[in-house]
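Okay, structure first, notes after.
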Amino acid sequence: EPEVTQTPSHQVTQMGQEVILRCVPISNHLYFYWYRQILGQKVEFLVSFYNNEISEKSEIFDDQFSVERPDGSNFTLKIRSTKLEDSAMYFCASRGDWETQYFGPGTRLLVL
Amino acid sequence: SQQGEEDPQALSIQEGENATMNCSYKTSINNLQWYRQNSGRGLVHLILIRSNEREKHSGRLRVTLDTSKKSSSLLITASRAADTASYFCATMRGRGGSEKLVFGKGMKLTVNP
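These protein sequence lines are chains A and B, in that order.
Reading the first sequence from the start, the letters are residues 5 to 116 in this note's numbering.
Reading the second sequence from the start, the letters are residues 7 to 119 in this note's numbering.
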């Protein structure tokens with residue numbers, strides 16, 4: 005069964021460093037999303053992406069964040085200058101024509 | 007209560023018993039979805055119920071939706087130890103690529119063998 009994959013599974017970085025989180029959505033899906041979950045808290049929406057542009061973003065998704073679909077398969081989330089409070093599990097999701105969003109296993113980001 | 011808040015926050019039952027989780031929300035929705043998360047892992051989609059549906063079944067899962075009360079419940083029948091996980095309800099808002107899922111805090115279910 006097709007699934008969303010994410011790399012790396014874990015990333016440790018120093019505050020102020022740039023990180024790129026990678027996702028490979030399900031191949032025929034056209035809608036892509038990033039969510040994050042700070043330890044012990046709710047899963048929060050960050051951004052949705054369709055037709056090569058951002059369609060919706062949350063307050064969390066400030067100028068430090070960017071998303072890109074550099075080729076036909078990858079979908080990336082970049083954090084330009086990480087802060088301690090960016091430490092969280094980041095989930096990529098994708099969907100096809102139906103409403104169900106399929107989530108990847110997540111990347112656990114730790115900012116020191 | 008907050009958007010998509012589950013009740014109770016934690017539930018511990020014996021294998022074979024049924025588990026019921028409730029979720030409340032505040033705004034109008036397109037649909038409501040339930041997800042499961044095993045400890046530290048990804049979110050697995052369980053079931054989706056649309057705003058014009060009242061009840062839906064999938065295997066041992068039964069979901070109800072009451073839009074007048076802005077609430078939903080997830081029933082897991084004949085629970086198994088493998089059902090131990092956190093369960094989240096999520097409401098979908100927006101349309102056409104601009105939609106987003108708004109998640110509740112989650113409910114931790116422990117099924118004891």
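Where a beta carbon is used, it is the ideal one built from N, C-alpha and C, also for glycine.
If you keep only unbroken beta strand (DSSP E) runs of at least 3 residues inside the region 26-105 of chain B, you get 37-43, 49-56, 61-64, 67-72, 77-82, 91-99. When secondary structure is reduced to three states using DSSP, E5 (chain A) falls in the coil class, being assigned neither helix nor strand. Note: L25 (chain A) is bridge-paired with A:L81 in the DSSP secondary-structure output. By the Cβ criterion, the region 96-107 of chain A is not in contact with the region 87-95 of chain B, since fewer than three pairs of Cβ atoms, one from each stretch, lie closer than 8 Å.
Per DSSP, the unbroken beta strand (DSSP E) holding I58 (chain A) starts and ends at 57-61. By the CB criterion at 7 Å, T86 (chain A) and T17 (chain A) fall inside the cutoff. T33 (chain B) counts as exposed, since fewer than 16 other beta carbons sit within 10 angstroms of its beta carbon. For the pair of segments examined, the region 39-47 of chain A was found to touch the region 108-119 of chain B: the number of CB pairs separated by less than 8 Å reaches three. Each residue's CA atom was taken as its position, placing S57 (chain B) and H33 (chain A) some 24 Å apart. Taking C-beta atoms under 8 Å as the contact rule, N36 (chain B) and R101 (chain B) qualify, at a distance of about 7 Å.
The beta carbon of G65 (chain B) sits no closer than 7 Å to any beta carbon of chain A. With at least 16 other beta carbons inside 10 angstroms of its own, P29 (chain A) counts as buried.
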